[in-house]
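Peer 1: Just passing along the structure, written as structure tokens.
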């Protein structure tokens, strides 16, 4: 009788897991599939007068392929992505190796630069560099004062776009390659040095070759993200007429009346291109096993002793800190204190004041925009983490429908932000739900956009939890939900908290989605900053950005403290 009851209990638990997986799969289908469907349908729809559609046509695609703008935008996108990827990889890669594999001084500055830069809104960082590299900015002014003619660099150019985008991505490259260099076995490098190889030869023949799969996969990832980039091309390239694929999509949506079919066709082309690149990225990532150097034997990576050259290397770290973090922050402080748009000059110092900060305090709409940002960022982070906790558990344990759940939860990764914005806009314009221009549509977009990030964080967390704990709970009679609540959720808390922090911070500075979906009462701070820039209110923009960055830093520190407490509780 006990055996029969045990079999029945196992059957009920299997059915419960199956129904949970089916419900999750259905939810993901509802979230993901309509986005692709509506985008393709709109791109093939034949416009009928001022509204409605009638029949299908390839005219939107034929019009694009017959238009030299597409070829120009495609070429510009490729040049921009290649240039910024190379710059980010060289800068971030060299810094990562110096910090993790040598005794270079000032290591803490590299980590501070990376973390603070990644927490700074993209719009704010770009505006700072537009000021620094502008005609009246301090860099070009100093260049001319030294006796040179013209500007050192014209910021509103392809070179300016590549420089700023490369700086934007170098912190991420540094953080990702740091993990690779940190875990690499140093025995091969030690053997090379003992055989008489110089530091440069050792790095070239050993260190870099061991990191080849990570470098290639990361290069492809940064290249894809540069293809999808919107903020730098919009703010830096558009004023001088440089268009890339993402800005072409945006421009086709901003004309009156909006060219919905053309923007959808542009979006589909960009989506297919990015999908192909991600497929290549996945293939490259799978070849990492051939380069494994860490075995089961205990080892402790030993840093290179650079000797007297360590101070030269330390100077490189200081220069990185100065260029990527300190100069932009100082530029923003200056912009926020000057009473009018101006370059850096000693004559203006007596006129510096806090009027821009006072204007922010007296403008209640900025508090509303900040509250909107916190609501949608926190809401999206919470829902994504909750949803992907279940999804990652089922997928990692190869439960029912695991493959479908994993694929659907990861699929939004191939959507550039501007493309997803166009698709979601089309969805809610075609259904009788009055959410356009509200926070609800932005929340929906953020949830869909960042599902893959929550999935990756939680999937890694689930893999660290041994199955024996779940099996013991089930043998003790715990239900599926009871097992998740009492075993999985507490042990998954560190990964889930890290996912929540990351998604919250990245949602708080998202522009590509919000710029298409926000309304007058649902603006978020990224859109408000863009509006301030368009209106020439650079002082208020800098003051608002610095205040917001301070708030985000405090929230990030609080979240980090909470994550540490959660980790201690979960693992004793």
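Numbering (our numbering), first residue to last: 350 to 921. Just so you know, even glycine gets a beta-carbon here, dropped at the ideal spot from N, CA and C. Just so you know, these numbers come straight off a predicted model, no measurement behind them.
Using only the alpha-carbon positions, how far apart do residue 794 and residue 377 sit?
Peer 2: Each residue's alpha carbon lies about 13 Å from the other.
Peer 1: Starting from the C-beta of residue 623, find all residues in its chain whose C-beta is less than 7 Å away, skip the five residues before and the five after it, and write them out in chain order.
Peer 2: Excluding sequence neighbours, residue 623 sits near 573, 576, 577, 763, 765.
Peer 1: Counting pairs of Cβ atoms below 8 Å between the region 601-621 and the region 770-780, do you hit three or more?
Peer 2: Cβ pair count under 8 Å is three or more, so yes.
Peer 1: Going along the chain, which residues of its own chain have a beta-carbon closer than 8 Å to the beta-carbon of residue 522, five neighbours each way excluded?
Peer 2: Contacts found: 437, 438, 440, 441, 442, 445, 567, 571.
Peer 1: Measuring only the C-alpha atoms, how far is residue 503 from residue 740?
Peer 2: Cα to Cα, residue 503 sits roughly 48 Å from residue 740.
Peer 1: At which residues does the alpha helix (DSSP H) containing residue 884 begin and terminate?
Peer 2: From DSSP, residue 884 is part of no alpha helix (DSSP H); its letter is neither H nor E.
Peer 1: What is the rounded straight-line gap between the Cα of residue 702 and the Cα of residue 891?
Peer 2: Roughly 13 Å separates the two Cα atoms.
Peer 1: Could you tell me if residue 780 is buried or exposed, where buried requires 16 or more neighbouring beta carbons within 10 angstroms of its beta carbon?
Peer 2: Residue 780 should be labelled exposed.
Peer 1: Should residue 526 be flagged as near chain D, meaning a C-beta pair shorter than 8 Å?
Peer 2: No chain D is part of this structure, which consists of one protein chain only.
Peer 1: Sorted by chain position, which residues of the same chain lie with C-beta nearer than 7 Å to residue 724's C-beta, five sequence neighbours on each side aside?
Peer 2: If we look at residue 724 and ignore the five residues flanking it on each side, its Cβ neighbours are 788.
Peer 1: Can the beta-carbon of residue 691 be found less than 8 Å from the beta-carbon of residue 697?
Peer 2: Taking 8 Å as the Cβ cut-off, residue 691 and residue 697 qualify as a contacting pair.
Peer 1: Do you know offhand how far residue 880's Cα is from residue 706's?
Peer 2: About 17 Å.
Peer 1: In the DSSP assignment, what are the bridge partners of residue 451?
Peer 2: Answer is 653.
Peer 1: Are the beta-carbon atoms belonging to residue 510 and residue 582 less than 8 Å from one another?
Peer 2: Going by C-beta atoms, residue 510 is nearer than 8 Å to residue 582.
Peer 1: Residue 417: buried (16+ other C-beta within 10 angstroms of its C-beta) or exposed?
Peer 2: Under this definition residue 417 is an exposed residue.
Peer 1: Mind checking whether residue 477 and residue 677 have CB atoms under 8 Å apart?
Peer 2: Yes, the pair counts as a contact, with Cβ atoms nearer than the cut-off.
Peer 1: Suppose contacts are defined by Cβ-Cβ distances below 8 Å. Is residue 475 in contact with residue 585 by that definition?
Peer 2: Cβ distance < 8 Å, so residue 475 and residue 585 count as in contact.
Peer 1: Hey, is the region 483-492 in contact with the region 404-415, meaning 3+ C-beta pairs nearer than 8 Å?
Peer 2: In short, these stretches do not touch, since the Cβ pair count stays below three.
Peer 1: Helix or strand or just coil, what does DSSP make of residue 860?
Peer 2: In this structure, residue 860 counts as coil in the three-state DSSP scheme.
Peer 1: Mind checking who residue 405 pairs with in its DSSP beta bridge?
Peer 2: DSSP output for residue 405 lists 394 as bridge partner(s).
Peer 1: Mind checking residue 850: buried by the 16 CB within 10 Å criterion, or exposed?
Peer 2: Flag for residue 850 reads buried.
Peer 1: Using CA coordinates, which residue listed in 887, 759, 801 is at the minimum distance from residue 708?
Peer 2: For residue 708, the nearest C-alpha among the options comes from 887.
Peer 1: Quick one: is residue 903 buried, meaning 16 or more other Cβ sit within 10 Å of its Cβ, or exposed?
Peer 2: Exposed is the call here.
Peer 1: Tell me the DSSP secondary structure of residue 966 in three-state form.
Peer 2: Absent from the model: residue 966. The displayed extent of the chain is 350 to 921, so no value can be given.
Peer 1: Please determine, among 668, 383, 866, 425, the residue with the shortest C-alpha to C-alpha distance to residue 786.
Peer 2: It is 866.
Peer 1: Are at least three pairs of beta-carbons, each pair with one atom in the region 828-837 and one in the region 721-737, less than 8 Å apart?
Peer 2: Touching, no.
Peer 1: Classify residue 775 as helix, strand or coil using the three-state DSSP reduction.
Peer 2: Of the three classes helix, strand and coil, the one that applies to residue 775 here is helix, per DSSP.
Peer 1: Can you look up residue 500 in the DSSP assignment and give me helix, strand or coil?
Peer 2: Residue state, collapsed to three classes: coil.
Peer 1: So, at 7 Å on beta carbons, what are the nonlocal neighbours of residue 448 in its own chain, with the 5 sequence-adjacent residues on each side left out?
Peer 2: Closer than 7 Å at Cβ, skipping near neighbours: 456, 459, 527.
Peer 1: Report the rounded CA-to-CA distance for residue 715 versus residue 871, giving the unit in angstroms.
Peer 2: Roughly 11 Å between the two C-alpha positions.
Peer 1: For the alpha helix (DSSP H) containing residue 700, list its first residue and its last residue.
Peer 2: Taken as a continuous stretch (DSSP letters only), residue 700 belongs to no alpha helix (DSSP H), as it is neither H nor E.
Peer 1: Figure out for me which residue from 816, 852, 846, 847 has the closest Cα to the Cα of residue 836.
Peer 2: When only C-alpha atoms are compared, the closest one is 816.
Peer 1: Under a three-way DSSP split, which group does residue 597 fall into?
Peer 2: Helix.
Peer 1: Is it buried or exposed, residue 661, if we count other Cβ atoms within 10 angstroms and call 16 or more buried?
Peer 2: Exposed, since its Cβ has fewer than 16 Cβ neighbours within 10 Å.
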